[in-house]
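Report on the following structure.
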Amino acid sequence: MDPTTNAPGAWYFQALPEIKVTKPGETPPPSINAMDATIPVLDMNDWARPETQDRFTQTLKDACQNVGFFAVVNTNIDPEILDGAYAVAEKFFHQDPQDKMEIHVPGANGQRGYVQSESAKGTAFKDCKEFIHIGPPMNEEQEARLQFGKNVWPTGIDLETPMMELYSELREYAIPLQQALSSAIGEEPGFLHEMTEEGDVLMRVLHYPENAPTGVPWASAHTDINLFTILPRSTADGLQVQSPDGTWIDVKVPDGSIIVNVGDILQNMTNGLFCSSVHQVQDPGDGQERFSIVMFIHPRSEDEMSPRPKMIEQTDGVAKYPTATRIELLAERLADLDLADDGLLQLLSNSNLCERNIALGKASRDAMERLEIAGYASDEVKAELSRLRRGM
4 MDPTTNAPGA WYFQALPEIK VTKPGETPPP SINAMDATIP VLDMNDWARP ETQDRFTQTL
64 KDACQNVGFF AVVNTNIDPE ILDGAYAVAE KFFHQDPQDK MEIHVPGANG QRGYVQSESA
124 KGTAFKDCKE FIHIGPPMNE EQEARLQFGK NVWPTGIDLE TPMMELYSEL REYAIPLQQA
184 LSSAIGEEPG FLHEMTEEGD VLMRVLHYPE NAPTGVPWAS AHTDINLFTI LPRSTADGLQ
244 VQSPDGTWID VKVPDGSIIV NVGDILQNMT NGLFCSSVHQ VQDPGDGQER FSIVMFIHPR
304 SEDEMSPRPK MIEQTDGVAK YPTATRIELL AERLADLDLA DDGLLQLLSN SNLCERNIAL
364 GKASRDAMER LEIAGYASDE VKAELSRLRR GM
């Protein structure tokens, strides 16, 4: 299927000319505008105006249903704050490895501090990237009640000030976006924000080194486990989203916009009406390194992420995704990636999520095998693994 046709889900994707790297002394190419974008573009001002709010909501719903990715302009995110965060990120990642390991947190399931790399679900090799995970600021009462990991900061670089300033900026922008998404799934505007206000919302600061080895992606094909992801502009190209026919499309958006994509949890809540699209980051081969900052919006651990009744009605009236809490879905994903500690594996086993997914044909083989190795696999999980190994 040609991605420029009007086939369902394909009309968002437009063929772009080959990207040309501007050399010193050359005139740079014109800026990307909304007509040149390869994913839907929404204007946040349309959400703020009562007379255009319904149109915005419908366009948002269409984008989440058909593509799972969209760009937003007029977000009021301060570009100087973003620039400051990238400047200090460059300083941090250009340090010697032992200096970066100062904020590595063993036993944190990769949820805080410096992480050297990771593998995407279903892949056996490591991505060519490194990153820092930063969570919400907390007072002593919240630390005791929420049991989130603490943020860790290096001693030689003031990473905390610019990063927490950007963290607050992105969290603030997420509020009206969550209101719009709540309306798009037929709920009251405050529905999602109430879930995420004390959620473990993670900001990931990424470094992709230049000249990745041949065949090794910066970030291999994957979906995100969270509700949705916010991506302010990165420092270089490389992000691609998979179109309905399997073609990889370079994501091009208007200058100053941010990218938003649907995560697996929102796909679960909408019973598959909203799609958590597969995406990847590839080194374009122009000799540049890439820095990117993304925010993963998560609800509270105990919140139900089960398919919403209104969404089931719009998807043939049958629940196609499991009943589950956020922590259960996260535990399964971390087990799949071999990042879950013993406590999370026990939680996954006790939740019976794997068993519910077996019934729906959605069980993760890798997660089930982790449970088996740890001695926590139920008879039903063992039987399913046996069936898979026999090729049935």
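With my numbering, you'll find the sequence shown wraps up at 395, consecutive numbering, no jumps. Virtual Cβ for every residue (Gly too), placed ideally from N, Cα, C.
Which listed residue (the options) has its alpha carbon closest to that of residue i
i: M298; options: L230, K255 and E191; result: L230
i: G364; options: L374, L391, S304 and Y211; result: L391
i: E133; options: A377, Y211, R329 and L340; result: Y211
i: S304; options: L149, I106 and M167; result: L149
i: K129; options: A224, D248 and F294; result: A224
i: G87; options: G202, P165 and A343; result: P165
i: R311; options: I268, R336 and I160; result: I268
i: T328; options: P302, A338 and Q349; result: P302
Buried or exposed by the 16-neighbour rule on C-beta atoms within 10 Å, applied to residue i
i: R52; result: exposed
i: T60; result: buried
i: V256; result: buried
i: G266; result: buried
i: Q181; result: buried
i: Q101; result: exposed
i: S34; result: Residue placement at S34 cannot be trusted, given a pLDDT of 43 that sits under 50; the coordinates are not used to answer.
i: Y176; result: buried
Beta-carbon separation (whole angstroms), residue i vs residue j, contact threshold 8 Å
i: Q317; j: L276; result: 6 Å
i: T326; j: I188; result: With a Cβ gap of about 17 Å, T326 and I188 do not count as contacting.
i: P2; j: I300; result: Shown here, the chain extends from 4 to 395; a query on residue 2 therefore has no answer.
i: G152; j: V204; result: Wrong, their Cβ atoms sit about 13 Å apart, outside the cutoff.
Inter-residue Cα distance where the pair is residue i and residue j
i: S309; j: E191; result: 17 Å
i: S367; j: D306; result: 22 Å
i: F72; j: S260; result: 13 Å
i: T238; j: A90; result: 11 Å
i: A111; j: L173; result: 24 Å
i: Q119; j: Q56; result: 43 Å
i: E29; j: G241; result: Residue placement at E29 is poorly supported in this model, since its pLDDT is 41, which falls under 50; the coordinates still yield a value, given next. For E29 and G241, the distance between alpha carbons rounds to 22 Å.
i: L351; j: A334; result: 6 Å
i: A370; j: E54; result: 48 Å
i: D46; j: V76; result: 5 Å
i: Q397; j: G288; result: This structure cannot speak to residue 397, because the chain is shown only from 4 to 395.
i: Q283; j: P220; result: 8 Å
i: I178; j: L356; result: 30 Å
i: E358; j: M314; result: 23 Å
i: K23; j: I330; result: In this predicted model, K23 has a pLDDT of only 31, less than 50, meaning its place in the structure is not dependable; the value taken from the coordinates is given anyway. Between K23 and I330, the C-alpha separation is close to 44 Å.
i: K385; j: E372; result: 9 Å
i: W50; j: L63; result: 10 Å
i: I106; j: E163; result: 12 Å
i: Q349; j: I135; result: 27 Å
Counterpart residues of residue i in DSSP-defined beta bridges
i: H225; result: H282
i: G116; result: H107 and H136
i: Y211; result: R293
Residue i CB to nearest heavy atom of the ligand ADP below 8 Å
i: V297; result: Among the components of this structure there are no ligands whatsoever, and the ligand ADP is therefore not found.
Below-9 Å beta-carbon distance, residue i vs any chain C residue
i: V281; result: Of the protein chains in this structure there is only one, and it is not chain C.
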